[in-house]
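Just so we're aligned, residue 1125 is where the sequence shown starts under this note's numbering, counting upward by one. Yeah, the Cβ is synthetic: ideal placement off N, Cα and C, and Gly gets one too. Below you'll find the structure, written out as structure tokens, and then a few comments.
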Amino acid sequence: MKVIILAAGYATRLYPLTLNQPKPLLSVAGKPMIEHVLDNLAPINGIDRIYIVTNAKFAGHFQQWSEHHGAAKSSAKFTVINDGTTGEANKLGAIGDIHYVLQTQKVDDDLIVVAGDNLFSEKLGDFGKFCREKNAPVLALYDVGNLEEIKKYSSISVATDGRITAFEEKPKHPTSTMAGIALYYYPRTTIPLIKQYVSEDNNHDQPGRLVQWLYPRTPVYTWRVPGLWFDIGSKETLDEANQIFAKFNA
1125 MKVIILAAGY
1135 ATRLYPLTLN
1145 QPKPLLSVAG
1155 KPMIEHVLDN
1165 LAPINGIDRI
1175 YIVTNAKFAG
1185 HFQQWSEHHG
1195 AAKSSAKFTV
1205 INDGTTGEAN
1215 KLGAIGDIHY
1225 VLQTQKVDDD
1235 LIVVAGDNLF
1245 SEKLGDFGKF
1255 CREKNAPVLA
1265 LYDVGNLEEI
1275 KKYSSISVAT
1285 DGRITAFEEK
1295 PKHPTSTMAG
1305 IALYYYPRTT
1315 IPLIKQYVSE
1325 DNNHDQPGRL
1335 VQWLYPRTPV
1345 YTWRVPGLWF
1355 DIGSKETLDE
1365 ANQIFAKFNA
């Protein structure tokens, strides 16, 4: 199994913190965000390669981190992928970056995709087990608690067996507080569909757009994230995460 960590954003909302430092390498409770992500992925069996896809500005930062710290955090091998972009104007987008890794690394394996700024209070071992049992695409869900907050994410409706029956990216009039978040599983049989999505010139930016396109074509299941989840998009959420995760690590 392979993992793609999405880390090619420029995080302009966090300037000046991210002016010369990629967001996933910012410290939360004493260690880089990306190390929290790796700690939570660690219980998933069978991961043998972790791709960190980033941009030309920050590829060196991740390479240096992976050489000094990454190997100690995982038994899997690390590969830092530079997508060649230099700013917001020419970025590939999250789905574009996933496709770039699939193409350049010739990936033909089951795949977990996670954003490098996603923080979880609980380990993701059960996510790995669920994905293997389903052997179908899986989207992680989190209850954000209010209808206003979910407008930043994607609103999901599911059948009794957990399959997605409706999906709306950044809903204007949401009816559910269950959000799809940037944690995905794609079995190797789905890779041709990802390539088809990109070849048809669909939206390459928000990774949820791929799920929105995918679920009418093949069953996509959902897995509910236990505990707390943080999407670090502002200085306020970064400060809040620092306080909360410091308590977990105390």
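> Do you know offhand how far ALA1329's Cα is from LYS1371's?
Replying inline: Sequence inspection shows Asp at residue 1329; the Ala mentioned does not correspond to that position. Cα-Cα distance, rounded: 34 angstroms.
Open item on the list: Going by beta-carbon coordinates alone, are GLY1213 and VAL1177 separated by less than 8 angstroms?
Closed with: The identity of residue 1213 in the sequence shown is Ala, whereas the question assumes Gly. Contact: no.
With H, G and I counted as helix, E and B as strand and the rest as coil, what does DSSP make of PRO1148?
Reduced to three states, the DSSP call for PRO1148 is helix.
Cα separation between MET1125 and ASN1164?
-> 16 angstroms
Between ALA1290 and SER1281, how many whole angstroms is the CB-CB distance? I'm expecting something under 8 angstroms. 4 angstroms
- [ ] Sort PRO1261, GLY1154, TYR1175 by Cα distance to GLY1240 and report the nearest one.
- [x] TYR1175
For VAL1349, which beta-bridge partners are listed by DSSP? VAL1349 pairs with nothing; no bridge assigned.
For ALA1200 and ILE1171, which I take to be in contact (beta-carbon distance under 8 angstroms), what is that distance rounded to the nearest angstrom? 5 angstroms
| field | Inter-residue spacing [alpha-carbon to alpha-carbon] between PHE1354 and VAL1238 | value | 13 angstroms
- Query: In terms of residues, what are the limits of the beta strand (DSSP E) holding MET1302?
  - Reply: 1302-1310
| field | Reduced DSSP category for GLU1212 - H, G, I as helix; E, B as strand; rest coil | value | GLU1212: coil per DSSP, three-state reduction.
TODO: Evaluate HIS1160 with the Cβ neighbour count: other Cβ atoms within 10 Å of its Cβ, from every protein chain shown; 16 or more gives buried, anything less gives exposed.
DONE: buried
Nearest-angstrom Cα separation, counted from GLU1292 out to GLN1336:
Looking at the backbone, the Cα of GLN1336 and that of GLU1292 are separated by about 7 angstroms.
Residues bridged to SER1279 [DSSP beta-bridge criterion]: GLU1292, ALA1303
Exercise. Assign PRO1140 to buried or exposed, taking buried as 16 or more other Cβ atoms, counted over all protein chains shown, within 10 Å of its Cβ.
Key: exposed
Nearest to LEU1338 by CA position, among GLY1286, GLY1351, GLN1320, PRO1350, is which residue? GLN1320
Rounded to whole angstroms, what is the Cα-Cα separation between ALA1183 and THR1284?
The straight-line gap from Cα to Cα measures roughly 43 angstroms.
**Message:** Let me make sure I understand the geometry here. Which of ILE1128, VAL1152, LYS1253 has the alpha-carbon closest to that of GLU1360?
**Reply:** VAL1152
* **Beta-carbon gap between GLY1351 and SER1245 smaller than 8 angstroms** => yes
With DSSP as the reference, please indicate the residues paired to THR1178 in a beta bridge. ASN1206
### Task
Can you say whether LYS1294 is buried or exposed, counting buried as having 16 or more other CB atoms within 10 angstroms of its CB?
exposed
Q: Just mark LEU1362 as buried or exposed, buried being the case when its beta carbon has 16 or more other beta carbons within 10 Å.
A: That one is buried.
ALA1183 (DSSP reduced to helix, strand or coil): helix
Nearest to VAL1349 by CA position, among ASN1366, THR1203, ILE1128, ASN1242, is which residue? ASN1242
With distances taken Cα to Cα, identify the nearest neighbour of PHE1369 among GLY1154, TYR1134, LEU1150. GLY1154
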